[in-house]
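The block underneath contains the structure these notes are about, expressed in structure tokens.
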Amino acid sequence: MLPYWLMFLAPALLAASSSGVKAPIGDARKAIVWDFVWLSLTLLIGFRHQVGGDWASYERMLDNTAGLDLGEVLLSGDPGYKLFNWISLGLGGDVYGVNLAGGAIFSFGLLTFCRAQPQPWLALAVAMPYLVIVVAMGYSRQGVALGLTMLGFVALCKGSNLKFAIWIALGATFHKTAVLIIPIAALASSKNRYVTAAWIALLGAGLYKVLLEKEADNLYRNYVTEDMQSEGALVRTLMGAVPAIIFLVWRKRFQLEKTEADLWTWLAVIAATLPVALAVTSASTAIDRMALYMLPLQLVVFARMPDALATPDPKEGGRSAVADASAVKAAILVYYGVVLFVWLNFATHAYYWLPYQFYPWDGSF
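Numbered per mature numbering (1 follows the signal peptide of the UniProt record, and there is no 0), the sequence shown spans residues -23 to -1, 1 to 342.
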């Protein structure tokens, strides 16, 4: 368990030691530090050995890719991920080469997203227990798709609908469910909304035709009609609903630009309704997959919450902003520490992640 705790405690301690109010841009964003963090995450994700519940499935995918030519790879399901397998095999590599490439992309997307937040170390600490350790180290394909989705969110917040669409389209080549995020661009667009909606609809239709049409029936049958269940879906959707409700209640305190506010408002509405959807339908796996794309909302809300909720109001006799912000930040870090502890010790499938093993060493941690 030690590597997992170190992965959480390192950014948590850096977050705790930084100012309770918004830190100057240069303080926590020095390139060499973030480059080291990117390299460390890439190696920990890429060279993990038999870590994650789908490890055997990804080894089978690698074996199934052997003997295919490039055309067959590009026409297969999830062509981006299959291409990684094909390249790794061509270079004499194996599943570690695939995981290393996927880890590099996920880590780049995650750190780019964290650095776009006012308290990047806090955002990274929030990401560690579930987004990094569970998703990126367990669901390789969707981990890459999430990394690319986070790059898309950063682009959309900067007003670039086109870059957002490109990143999401690339993400969909690793996991088809990323297509579900495409309509967000139209909803969050603050100008030329109808034009944006039109070309987003065309892009979505194109991605459906290329990536989903042949497998739509299987996906619907597996996720919906055959009652495929996902253990822990209720807990995960509730974890997403809490920051969503916090954001919706105190949205004005977060002081976001209009495009950002619209984006996170729509995602918060979706995240807040997922537990309700889970209660009225048996398609828990489909809802759980959708909930994964709501995970970046936790980073946005909790990386801003210390400042958003600590603004002193003279009419209410508020304390200093720094003191309140520090208390809120401490509560957030304790909460996610508890999340990690509970998951490592009590989650049904945590044994797939334990112990952490690093290739090529035989030792475990």
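Backbone N, C-alpha and C fix where the C-beta goes; we use that ideal spot for every residue, glycine too.
Length of the line joining the Cα atoms of residue i and residue j
{"i": "leucine 101", "j": "arginine 266", "result": "22 Å"}
{"i": "leucine 47", "j": "leucine 60", "result": "8 Å"}
{"i": "glutamine 119", "j": "alanine 254", "result": "22 Å"}
{"i": "leucine 215", "j": "proline 252", "result": "6 Å"}
{"i": "phenylalanine 318", "j": "serine -7", "result": "22 Å"}
{"i": "phenylalanine 13", "j": "leucine 272", "result": "24 Å"}
{"i": "tryptophan -19", "j": "glutamate 49", "result": "42 Å"}
{"i": "phenylalanine 151", "j": "tryptophan 63", "result": "14 Å"}
{"i": "alanine 142", "j": "glutamine 232", "result": "25 Å"}
{"i": "leucine 20", "j": "serine 261", "result": "32 Å"}
{"i": "leucine 51", "j": "serine 65", "result": "15 Å"}
{"i": "glycine 209", "j": "histidine 26", "result": "24 Å"}
{"i": "aspartate 194", "j": "alanine 263", "result": "Any reading at aspartate 194 needs caution, since the residue's pLDDT is 48, under 50, leaving its predicted position unreliable; the model's value is listed next. Near 14 Å, if we compare the C-alpha coordinates of alanine 263 and aspartate 194."}
Coil, strand or helix - residue i by DSSP
{"i": "glutamine 232", "result": "coil"}
{"i": "lysine 292", "result": "With a pLDDT of 46 at lysine 292, under the threshold of 50, the predicted position of this residue should be treated as unreliable, though the coordinate-derived value follows. In the structure shown, lysine 292 sits in a helix (DSSP, three-state: H, G or I)."}
{"i": "glutamine 27", "result": "coil"}
{"i": "glutamine 334", "result": "strand"}
{"i": "lysine 153", "result": "helix"}
{"i": "tryptophan 227", "result": "coil"}
{"i": "glutamine 275", "result": "helix"}
{"i": "aspartate 46", "result": "coil"}
{"i": "serine -6", "result": "coil"}
{"i": "leucine 88", "result": "helix"}
{"i": "lysine 59", "result": "helix"}
{"i": "valine 201", "result": "Confidence in valine 201 is poor, its pLDDT being 48 and thus under 50, which makes the residue's placement too unreliable to answer from."}
Run of the alpha helix (DSSP H) containing residue i, from where it starts to where it stops
{"i": "alanine 141", "result": "According to the sequence provided, residue 141 is phenylalanine. The question's alanine does not apply to it. Where phenylalanine 141 is concerned, the enclosing alpha helix (DSSP H) stretches over 138 to 149."}
{"i": "serine 261", "result": "261 to 269"}
{"i": "leucine 68", "result": "First-last for leucine 68: undefined, no H or E at that position."}
{"i": "leucine 128", "result": "117 to 134"}
{"i": "serine 303", "result": "298 to 323"}
{"i": "isoleucine 161", "result": "161 to 165"}
{"i": "alanine 100", "result": "97 to 104"}
8 Å Cβ cutoff, residue i in contact with chain B
{"i": "valine 109", "result": "Included in the structure is just one protein chain, with no chain B present."}
Cut-off 6 Å between Cβ atoms - residues of its own chain near residue i, not counting five sequence neighbours on either side
{"i": "lysine 140", "result": "Ala132"}
{"i": "leucine 164", "result": "Trp243"}
{"i": "glycine 79", "result": "Ser117, Val121"}
{"i": "tryptophan 330", "result": "Val28"}
{"i": "arginine 213", "result": "Ala268"}
Neighbourhood of residue i by C-beta distance below 7 Å, restricted to the same chain and skipping five residues each side
{"i": "tyrosine 116", "result": "Asp31"}
{"i": "proline 106", "result": "Phe(-16), Tyr313, Val316, Leu317, Trp320"}
Cβ shell of residue i (< 8 Å), same chain only, five flanking positions each side left out
{"i": "isoleucine 223", "result": "Val278, Met282"}
{"i": "alanine 307", "result": "Ala(-8)"}
Any non-hydrogen atom of the ligand HEM closer than 7 Å to residue i Cβ
{"i": "phenylalanine 83", "result": "The model depicted lacks the ligand HEM and carries no ligand whatsoever."}
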